[in-house]
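Residue 2 is where the sequence shown starts when you use our numbering, and the numbers rise one by one after that.
Just so it is clear, CB atoms sit at the ideal spot from N, CA and C, and this is done for glycine as well.
Predicted model, so just to flag it, every value in this text is computed and none were measured.
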Amino acid sequence: MADKFEISTVLTASPHKVYVAWLDSEEHSAFIGAEARIDPRVGGAFSAWGDYIEGKTLELEEDRRIVQAWRTVDFPSDSTDSRLEILLEKVKGGTRLTLIHSEIPDGMGDEYHQG
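(1) Roughly how many whole angstroms lie between the Cα atoms of D25 and G108?
(2) Does the distance from the CB of E86 to the CB of A3 come in under 8 Å?
(3) Does the region 37 to 46 come into contact with the region 55 to 63, if we say contact requires no fewer than three beta-carbon pairs (one atom in each stretch) closer than 8 Å?
(4) By a C-beta neighbour count over all protein chains shown, 10 Å radius and 16 as the cutoff for buried, is A31 buried or exposed?
(5) Starting from W50, follow the beta strand (DSSP E) in both directions and report where the run begins and ends.
Shown next as structure tokens:
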């Protein structure tokens, strides 16, 4: 059975700013502190952390939701991509970012939940 986790935080930025930063190579790189390359469209490929993470964008709802197929070099070669869903909700003081990571290979969820 695949692993899954959900985390949430409030960022002091608008949903639009967070959405744009998630999909912009330069801004995403600054956000995570490592190189990220992102083609910001449905079907577009992305990679981060020196190609440790790679995948493609599956769905986009501007300023509200991003869904990506996501995997790392540590995934078993026969496993499917996991699913990363980013939800953005305007709240007082900024944006609630909820990250739902599902379909993670069995036993690997805790590692990715810790960051």
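On the basis of the data shown:
(1) Taking the first residue of the sequence shown as 1, we reach residue 25 at position 24. Taking the first residue of the sequence shown as 1, we reach residue 108 at position 107. Roughly 31 Å separates the two Cα atoms.
(2) Here residue 86 corresponds to residue number 85 of the sequence shown, with the count starting at 1. Here residue 3 corresponds to residue number 2 of the sequence shown, with the count starting at 1. The answer is no: Cβ separation not under 8 Å.
(3) yes
(4) Counting from one through the sequence shown, the residue named residue 31 turns up at place 30. Per the 10 Å Cβ criterion, exposed.
(5) Counted from its first residue, the sequence shown places residue 50 at position 49. Per DSSP, W50 belongs to no beta strand (DSSP E) and is neither H nor E.
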